[in-house]
Amino acid sequence: MSFELAVTGLGMVSPAGIGVAASWPRIVRGEPTATPDPALAGLPVDFSCRVPDFDPTELLNPRTVWRQSRCTQLALLAAGEAIADAGLDHRTWDATRVGVVIGNCLGGTATFEQQHGALHEQGTDAVTPLLIPLIGQSSPSGGIAIEFNAKGPSWSVGAACASGSLALGSARELLRQGLCDVVIAGGTESALSPTIVTGFARMGALSTRRSDPGAASRPFDVDRDGFVSAEGAGVVVLERAEDAVARRAHVHARISGYAMTTDSYHISAPRPDGAEVERAVREALADAGVGVSDVDHVNAHGTSTKLNDLNESAVLRRVLGDRPAVTSVKGALGHSLAAAGAIETVCTVLSVEHGVVPATANLDSQDPEIDLDLVAKVPREIPVRAAINNSFGFGGANTVVVVTG
Amino acid sequence: MSAVLKDRLSDLLVNRFGVPQEELRDDARLTDLDLDSLALVELGMVVENEFGVKIREDDVSPEDTIAELAVVIAGKGAS
């Protein structure tokens, strides 16, 4: 029998809104969120998907918020939402049994970039004494542990754009091994700084559709030309299924399987034959005890780059045929790197729970080389017995999460 | 020490360091407002920008009160 985790709490801060209730309806409808970004003005790619109306001093503890970088602030907000949603009280829980695992890729690089400028323009006295805690990779997991009284294991994990899913897989092991009773797990990213975005642009990874940013992220569309940089955070509260049932918690859905493989091929390009992505999908399904004919929905990595979408869709066609309803929420949200896997698992959980698959934004004309049942234009209401969420990262990391009802 | 300086310092503690307005008493110790040694270095940077005076590390400690902090800033020539 597979090892099942109950997802009892959901939290999401995305370019579609702050909180699950604000974000999810817009994601379901496939509403694009990319807009011109004043911080990127004058650069070859000058648009992004930012979290709208995010005022940390209003939304978070003002006494501590100025000590956190934006990516930690987003994670704190999503974690607070997820814990409240789980009906848990962090002031009274057994803190020693609560763990935190957060995927994080570029962390406080935006803060580093700003401070680097201050050092060179104004000298050493202009550098904040908080620089290191602000930009450290473990700042989001540590920040959540401090704010929400978690004293079990806490760490950040990195596997580029698969980091958010890797965090869920790591959290699953903490629960399986009995090291924790509750794990706050997810991913966060806020790296929309001029240097980072320019770096992605120089790779040719980003869409250059400056004339129409809202149409730039178009997964699986024949006219796609790259991804759109985004920020956000997704966090879930995970418990062993029997524990959640015992405390009569509301269970949104279950994480029943997980697998990770590595291409061992190239620093950024996917392995052309998709062999290791295929193995990840098959191993995750086997881990869950779910047959390919039970998979009703795929929340794809679907970045809107030429290479990813062709490669991923070929694997999905080969393993699952053309039956599952496939979507990519990156059409709406852009690509939030380390946060993406966590945000998309939150979406996958909601699809299983509510029986609705979001529309892929901007999918006007399906690439003829892609032979899948893609959900375009309008969301699709179908029962979802089992779904998978794919995430792939530079360096060849492939993670697959299986969600069941 | 001028009332203007105290008002400016109060605004700074509330808006930049998240100190609740109701805790801003003259005899409140900085440590009780969560202003630890790291925060005081940051405070020194902000004070320099706001008041044009430089606070050295040994000028203020977390055990000092708001009133004592204000005296140090005023003593540096700020108003």
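As they're listed, the protein sequences go chains A and B.
Letter by letter, the first sequence follows residues 1 to 405 in my numbering.
Letter by letter, the second sequence follows residues 1001 to 1079 in my numbering.
Note that the Cβ used here is the ideal one computed from N, Cα and C, for glycine as well.
Source: prediction; values computed, not measured.
Chain-ordered, the chain B residues with CB closer than 9 Å to the CB of Val-65(A) read Gly-1018.
Of the candidates Asp-263(A), Arg-318(A) and Thr-404(A), Thr-404(A) places its Cα closest to the Cα of Asn-389(A). Within 10 angstroms of the beta-carbon of Ser-1037(B) lie fewer than 16 other beta-carbons, which makes it exposed. In this structure, DSSP gives Trp-155(A) an extended state, which the three-state scheme calls strand. With a 10 Å radius around the Cβ and a threshold of 16 neighbouring Cβ atoms, Asn-1015(B) comes out exposed.
In the DSSP assignment, Met-203(A) forms no beta bridge with any residue. Annotation for Leu-238(A): the continuous beta strand (DSSP E) segment containing it runs 232-240.
Assigned with DSSP and collapsed to three states, Ala-160(A) falls in coil, not helix or strand. Beta-carbon to beta-carbon, Ser-365(A) and Val-222(A) are separated by about 5 Å, close enough to satisfy the 8 Å threshold. Around the beta carbon of Leu-179(A), fewer than 16 other beta carbons lie within 10 angstroms, which makes this residue exposed. Non-local C-beta neighbours of Arg-209(A) in its own chain, meaning closer than 7 Å and more than five positions away in sequence, comprise Ala-215, Ala-216 and Asp-225, ordered along the chain. Counting C-beta atoms within 10 angstroms of its own C-beta, Ala-253(A) has 16 or more neighbours from the protein chains shown and is therefore classed as buried. The stretch 330-342 of chain A makes contact with the stretch 226-238 of chain A; the number of CB pairs closer than 8 Å reaches 3 or more. Taking the CA atoms as reference points, Ala-21(A) sits about 12 Å from Val-346(A). Residues of the stretch 1026-1038 of chain B that bring their beta carbon within less than 9 Å of a beta carbon in chain A comprise Leu-1033, Asp-1034, Ser-1037 and Leu-1038, in sequence order. Put simply, the stretch 164-180 of chain A does not touch the stretch 119-131 of chain A. Fewer than three CB pairs are less than 8 Å apart. Residues are counted here when their Cβ sits less than 8 Å from a Cβ of chain B; for the stretch 114-131 of chain A these are Asp-125, Ala-126, Thr-128, Pro-129 and Leu-130, given in chain order. Of the residues Val-329(A), Glu-58(A) and Thr-399(A), the one whose Cα lies closest to the Cα of Ser-23(A) is Val-329(A). Looking from the CA of Glu-58(A), the closest CA among Glu-1057(B), Leu-1030(B), Pro-1020(B) and Ala-1003(B) belongs to Pro-1020(B).
In the displayed model, Gln-1021(B) falls within a helix according to three-state DSSP.
Contact between the stretch 141-158 of chain A and the stretch 87-95 of chain A is present: three or more C-beta pairs spanning the two stretches fall below 8 Å.
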